[in-house]
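Going by our numbering, the sequence shown opens with residue 8, and the numbers climb by one from there.
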Amino acid sequence: MAKYHYHIRSTSLPSTLHHPLTARVEEQLNKIRVELNENKSLDHYTTEMLRDGLFGLKGLYESVEDLLKLPHTQQILVKQCHDKWVDEVLDDSLRLLDVSCTTKDVLSRIKEAAQETQSALRRRRSSPEGEIDLTGKKIAEHYMSSRKKANKEVQKCLGELKRAPGKKSSSLLLEKQQQDYVAVVNVLKQVGDVTVTLYESLLSRYKCAVPKTSCNGWSLVSKLMIKQNSRLLTRLTTAKDEDVQQIIKGRDGVARKPLEMLETSIQSLEEGLELVFRQLIKTRVSLLNILSTNTN
8 MAKYHYHIRS TSLPSTLHHP LTARVEEQLN KIRVELNENK SLDHYTTEML RDGLFGLKGL
68 YESVEDLLKL PHTQQILVKQ CHDKWVDEVL DDSLRLLDVS CTTKDVLSRI KEAAQETQSA
128 LRRRRSSPEG EIDLTGKKIA EHYMSSRKKA NKEVQKCLGE LKRAPGKKSS SLLLEKQQQD
188 YVAVVNVLKQ VGDVTVTLYE SLLSRYKCAV PKTSCNGWSL VSKLMIKQNS RLLTRLTTAK
248 DEDVQQIIKG RDGVARKPLE MLETSIQSLE EGLELVFRQL IKTRVSLLNI LSTNTN
């Protein structure tokens, strides 16, 4: 019997399934890939790009869910339920689910930190323009401490994504009649691939460089004071070191603007993140249910 060597990661889905769902999944995959590749030259993806990407990913997983409901697809997976590639797909689905959950939690904490800081700024009495006061210093240090903790979680997530699907090209040596199995695994692997890429882009956008402080805390102040206000105006949505400088200086109105934009930015992504998270759960449950039907 002739055997064929297939790459799991490719730009097309070599399928003998001949079902419209296969074409739909391939079309959605290619659309997300094109959008991600077109924006690679940017320093970071805009909130709108990420939001569109999440909703596109949600639609892709819905199509995958429909594909998994096909009797022929289920028969293929049941026959190969003990194959190592099926095990890898299951492991990948769990890892992506964990990263998705952690990402939602991390962004929620970043948003809460921005909200708490805005609330603290509104409550405090305004200091003379440009004056450094202890209240502003405490507010700034609390905010930066929160961002530092969030950064650790972001780094952890990015590390998990490096071990996630799509990072290594794999291949299968299968007989001709197993081409449909290759097609199904290919779909699941490539969907995992674009999921990894999108989440890496999203997490990288909300990662910030947090300055180290000395034991008395004033090292933070001196480092932040040398920043120029003009740089703040071009990086409002990131709410990084420059914004904290304005808090310490007592320029609460200037400081609140990027914090408000950061909060709004995350809020606009939360719906998409939740929808993708739910679809990841559905996909994993569907896979487990299909494979559990094999009692052998």
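Yeah, the Cβ is synthetic: ideal placement off N, Cα and C, and Gly gets one too.
Taking only the alpha-carbon atoms, compute the straight-line gap between L74 and S293 and give it to the nearest angstrom. 11 angstroms
Counting C-beta neighbours from all protein chains within 10 Å, is the total for E55 16 or more, i.e. buried, or is it exposed? With a 10 Å radius around the Cβ and a threshold of 16 neighbouring Cβ atoms, E55 comes out exposed.
List the whole-angstrom C-beta distance separating K214 from N158, where the pair is believed to meet the contact cut-off of C-beta under 8 angstroms. 6 angstroms
On the premise that T204 lies in contact with Y68, defined as a C-beta separation below 8 angstroms, what is that separation, rounded to the nearest angstrom? Going by Cβ atoms, the distance from Y68 to T204 rounds to 15 angstroms, so no, they are not a contact pair.
Excluding five sequence neighbours on each side, which residues of the same chain lie with their C-beta closer than 6 angstroms to the C-beta of G60? Hits under 6 angstroms: L205.
Might you give, ordered along the chain, the residues of its own chain that have their beta carbon closer than 8 angstroms to the beta carbon of V201, omitting 5 neighbours on each side? L36, I39, R40, L43, L64, L67 and G173
What three-state label does DSSP hand K214 in the structure shown? coil
Given a cut-off of 9 angstroms, decide if L266 and A121 are closer than it, judged by their beta-carbon atoms. Contact flag set, yes.
Compare the beta carbon distance of R263 and Q125 with 9 angstroms and say whether it is the shorter of the two. yes
Same chain, Cβ closer than 6 angstroms to R31, neighbours up to 5 away in sequence not counted: S70
Taking 9 angstroms as the cut-off, decide whether the C-beta atoms of L101 and I297 are in contact. no
Buried versus exposed call for T110 [16 or more other C-beta atoms within 10 Å across all chains shown]: buried
At the level of alpha carbons, what is the spacing between A147 and V194? Cα to Cα, A147 sits roughly 47 angstroms from V194.
Taking the alpha-carbon positions, what's the D98 to E119 distance? Roughly 32 angstroms between the two C-alpha positions.
Would you check if the distance between the CB atom of I273 and the CB atom of L165 is smaller than 9 angstroms? no
How big is the Cα-Cα spacing for E95 and K196? 9 angstroms
Could you tell me the alpha carbon to alpha carbon distance between R130 and L104, rounded to whole angstroms? In this model, R130 and L104 are separated by some 39 angstroms (Cα to Cα).
Distance, Cα to Cα, P78 vs M268? 48 angstroms
From this set, E167, A127 and E278, which residue's C-alpha is nearest R58's C-alpha? E278
Taking the alpha helix (DSSP H) that T80 belongs to, which residues open and close that run? P78 to K86
Tell me which same chain residues have a C-beta within less than 6 angstroms of the C-beta of E160, skipping the five on either side of it? Cβ neighbours of E160 beyond the five flanking positions: V113.
Where does Y68 sit, in a helix, a strand or coil, going by DSSP? helix
Expected contact under 8 angstroms - CB spacing of V306 and E45 to nearest Å: The question about residue 306 has no answer here: the residues shown for the chain are numbered 8 through 303.
Whose C-alpha, out of K169, R170, Q162 and I117, is nearest the C-alpha of H149? I117
Could you tell me the alpha carbon to alpha carbon distance between Y304 and K144, rounded to whole angstroms? In the structure as shown, the chain starts at 8 and stops at 303, and residue 304 therefore has no counterpart that could be examined.
Tell whether a beta-carbon distance below 9 angstroms holds between E33 and Q286. no
Am I right that V191 and T80 are in contact with their C-beta atoms under 8 angstroms? What's the rounded C-beta distance? Taking 8 angstroms as the upper bound for CB-CB distance, V191 and T80 are in contact here, some 6 angstroms apart.
L295 to A127 span [Cα, whole Å]: 48 angstroms
Exposed or buried, what is R154 when buried is set at 16 or more other beta-carbons lying within 10 Å of its beta-carbon? buried
Where Y52 sits in the DSSP three-state scheme: coil
Inter-residue Cα distance where the pair is R212 and K163: 15 angstroms
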